[in-house]
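Listed in order, the protein sequences are those of chains A and B. Read in my numbering, the first sequence has 161 at position 54, and its numbers run on one by one without any break. Read in my numbering, the second sequence has 1324 at position 128, and its numbers run on one by one without any break. Just below is one structure, and these are the notes that go with it.
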Amino acid sequence: MPMLQFDPVQLPKAAEALRHEVRDFLATNSDRISAPNSDFSSGHDADFSARLGERGWIGMTWPKAYGGAERSFFERYVVTEELLAAGAPVSAHWIADRQSGPLLLSAGSEEQRARYLPAIIRGASFFSIGMSEPGTGSDLASVRTVAKPVAGGWRVSGTKLWTTDAHRNHYMIALVRTAPADGNRHGGLSQLIIDLAAPGVTIRPIRNMAGGEDFNEVVFDDVFVADADVVGEPGNGWSQVTSELGYERSGPERFLSAFRVYVEFVRLVGADPERSEAAAVGRIAAHLMTLRRMSMSVAGMLENGKTPNVEAALVKELGNNFEKLLPEIARAAAPLSRSGDGGAQARFRQTYAETLLLSPSFTLRGGTREILRGVIARGLGLR
Amino acid sequence: MEQMLADAAERIFRDQCTKPALDAAESGQFPARLWQLLCENGFQLMALPDSGAELADLFAVLRVAGRFAAPLPLAEALLANRWLGGEGGDRTADALNTVALVAQDGNPQWLDAPWGRAARRIVGVADDGAVFAGKPVAVREAFNLAGEPRDQVEVRDVRPLPCAEPPLALLALARVAQSAGALERVLELGIGYAQEREQFGRPIARFQAVQHMLAMVAAEVAAAGRASDAAVAAIGSDRFALEVAAAKSRVGEAVGLVAEAVHQVHGAMGFTHEHQLHHFTRRLWAWRDECGSEAHWQALLGRRLCALGADQVWDFLATSS
């Protein structure tokens, strides 16, 4: 079965050299990583993003014409995995770098690229995803936010939900209905760039179960969007949005979210562990080594211009399940005692608790586990 | 080379590893015809240093053998010949040599030998990796839970053999590669059965519950295959034993999930002796415990990482490509 074949990837020398640059940078900027968290949507730090932009590590695969560095997917991979492993705050620029920029490059107009990409690359312009709605989760084609044509543009009304960092970011790329479905529910959808500071936009934070206020409800009340901010042709939104999801599903953020729990677990068990503790450390490592290789294989397929949708779904299925399994393995093996609550034990408990409270989101965001299993089943010829 | 050998092996296995042949082997009867065909095609010599094949090619062939549940001790025979080197004896005859591990009671005279009953010579491997040769003089027949002969063999005339490679890791890698192949077959059986079996007027593949089980299985099988490939690619490197440890762990974990789910998909039919599924799932269950269980290899890998320390763990992971 070709979809189960993940060919090995050898990172180019330039990527390995870059790894050391990133580590030096992280050491220099350790003051910004006081509470390391490997979850990519924890830690919105505009200043840190600006520093990354200064180094050329945002939009680094993009054309030089817009300020990019035209570096390879592998180099980007190394930068992102190093940032995540260190638990750096990357949420601010993450979506713009991973998703919005590439979308503009593949489907956007020249004017949009020239207008938006340079600021993203500088780490000064942040984007949110506008897909989910109160009545729209996995069934993305059911979106009800409507854009009506007016002179020079569109008027948008509706509500987007679970919009991460909408209250801190500058723009949302929203999937909206610009024409009635007329039998084909995938038709009549379009992607619009919406300025989150525009009149008529109301952003209400939603507190999550971990106590954070990262995601939001965003209400559009007759918000004007110029024709120039339609991404691609009106009505082409569905095919754009589905190809965008391929980029979203197989990166290191899909298996590293709980990585800091592992680091603190190794610290806790120390240099001379019991056999069961050592086995837990080894078991987690075996998962990580395999997942990283599979994820890099998909990066290799993307680099070669392929569209590995099923392979990406397989990586996300495995990676997200593992992100939930990791804290469970560590917890079961951790040598915790009631008396010992200083140092390594306290750090482990804190990191474990933070990650556990975020963990329900791991198999929801970017396509639920159940939707991904459907994608895989289709690839297997079962539906 | 690798693909050519694997294709040649596949033709032989496809032809020979029939359900009756698998049943016969489980009754203790050595598959002489299969072994003879492999010998005629030179496979018994492929792991010799001067064979022209890479050691990696051996594991490609073992993966194919796993896909067909080939009922003979191929890894043991080929590695025994490798470690016997020039002492392999008559290279053209179809006599079988096998590798045995020192039995758990620690008595070096009684060895745990796959197909010891059919072996001409025994190459023993001790817990510390020491390799020696011996002549079998007595056999107590025994089987693993897959019905593969795992005999207790008494050996005489024991003498050490030079071995410049880690024999225990290579044996564990053999089980990894065989398992990766058998896992692929089990997935295929699951997909095939789900598409053909009808209930409520439609193939059970149309039911989401079944689709999700098989999607999970596919993901595990893909991970096992990638882990196996990575360990094979590490042959000769200073990380080899650690890569084998990761692969044995990851593949062993996949085995439990995959066997459980694909049996569930097959319903009662897969629980019958008549169906072929159990030839693969029982082997997978046996192999995950042979040559070091997951826990054994996890502890080995984990100890190394703990010795490196928490702040070096990432570097270890990131430099294994």
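The C-beta atom is built at its ideal place from N, Cα and C for all residues, glycine as well. If you're wondering where the values come from, they're calculated on a predicted model, not measured in any experiment.
According to the DSSP assignment, GLN1212 of chain B belongs to the alpha helix (DSSP H) that extends over 1198-1212. Secondary structure of ASN323 of chain A (DSSP, three-state): strand. At a Cβ-Cβ threshold of 7 Å, ALA393 of chain A and SER1445 of chain B count as neighbours.
Taking a contact to require three or more Cβ pairs closer than 8 Å, the region 1211-1229 of chain B and the region 1249-1259 of chain B do not qualify as touching. Near chain B, meaning a CB-to-CB distance below 8 Å, no residue of the region 434-445 of chain A qualifies. In this structure, the alpha-carbon of PRO241 of chain A lies about 35 Å from that of ARG1398 of chain B.
Within the region 1492-1505 of chain B, HIS1492, TRP1493, GLN1494, ALA1495, LEU1496, LEU1497, GLY1498, ARG1499, ARG1500, LEU1501, CYS1502, ALA1503, LEU1504 and GLY1505 place their CB atoms closer than 9 Å to a CB of chain A, listed in sequence order.
DSSP, reduced to helix, strand and coil, places ALA281 of chain A within a strand of the structure shown.
With respect to chain B, the C-beta atom of PRO312 of chain A has no partner C-beta closer than 7 Å.
For a cut-off of 8 Å, the C-beta gap from ARG1346 of chain B to ASP1308 of chain B is around 6 Å, short enough to register as a contact.
The three-state secondary structure of PHE1339 of chain B, taken from DSSP, is strand. Contact annotation for LEU465 of chain A against chain B: no contact, minimum CB-CB distance about 20 Å [criterion: below 9 Å]. When A:PHE331, A:ASP302, A:SER232 and A:GLY339 are compared, the shortest CA-CA separation from GLY260 of chain A is found for A:PHE331.
Residue contact with chain A for VAL1428 of chain B: absent (no Cβ-Cβ distance below 7 Å to any residue of chain A). Taken in chain order, the members of the region 1402-1415 of chain B whose beta-carbon sits within less than 8 Å of a beta-carbon on chain A are ARG1402, GLN1404, VAL1406, GLN1407, HIS1408, LEU1410, ALA1411, MET1412, ALA1414 and ALA1415.
Around the CB of VAL1333 of chain B, fewer than 16 other CB atoms lie within 10 Å, so the residue is classed as exposed. The continuous beta strand (DSSP E) containing GLU1350 of chain B extends over residues 1346-1356.
For GLU123 of chain A, the closest of A:VAL185, A:THR135 and A:ALA142 by C-alpha to C-alpha distance is A:VAL185. In the three-state reduction of the DSSP assignment, GLU1394 of chain B falls in the strand class, which pools E and B.
In the displayed model, ALA441 of chain A falls within coil according to three-state DSSP, outside both helix and strand. Interface criterion met: the Cβ of VAL388 of chain A is under 7 Å from a Cβ in chain B.
Contact annotation: PHE327 of chain A and VAL263 of chain A have beta-carbon atoms nearer than 7 Å. Taking 9 Å as the upper bound on Cβ-Cβ separation, chain A lies near residues GLU1380, LEU1383 and GLU1384 of the region 1350-1384 of chain B. Of all residues in the region 1253-1264 of chain B, none comes within less than 9 Å of chain A when Cβ atoms are compared. A Cβ-Cβ contact shorter than 7 Å links GLY166 of chain A with ILE227 of chain A. Residue pairing by DSSP places TRP1510 of chain B in no beta bridge whatsoever. Residue range 296-302 is occupied by the beta strand (DSSP E) that includes GLN298 of chain A.
The Cβ atoms of ALA203 of chain A and PHE155 of chain A lie no closer than 7 Å to each other.
For chain A, the residues of the region 1431-1456 of chain B that bring a beta carbon within less than 7 Å of one of its beta carbons are ALA1441, ALA1442, SER1445 and ARG1446, in chain order. For THR1477 of chain B, the enclosing alpha helix (DSSP H) has its first and last residue at 1473-1485. At a cut-off of 7 Å between beta-carbon atoms, SER1516 of chain B makes contact with chain A. Closer than 7 Å to the CB of LEU1513 of chain B there is at least one CB belonging to chain A.
With contacts defined by Cβ atoms closer than 7 Å, MET403 of chain A and VAL129 of chain A do not form a contacting pair. Unbroken beta strand (DSSP E) runs of no fewer than 3 residues, entirely contained in the region 363-451 of chain A, are not found. Just so you know, the alpha carbons of GLN1305 of chain B and ASP1353 of chain B end up roughly 10 Å apart. Non-local C-beta neighbours of ALA1276 of chain B in its own chain, meaning closer than 6 Å and more than five positions away in sequence, comprise ASN1293, THR1294, VAL1295 and VAL1319, ordered along the chain.
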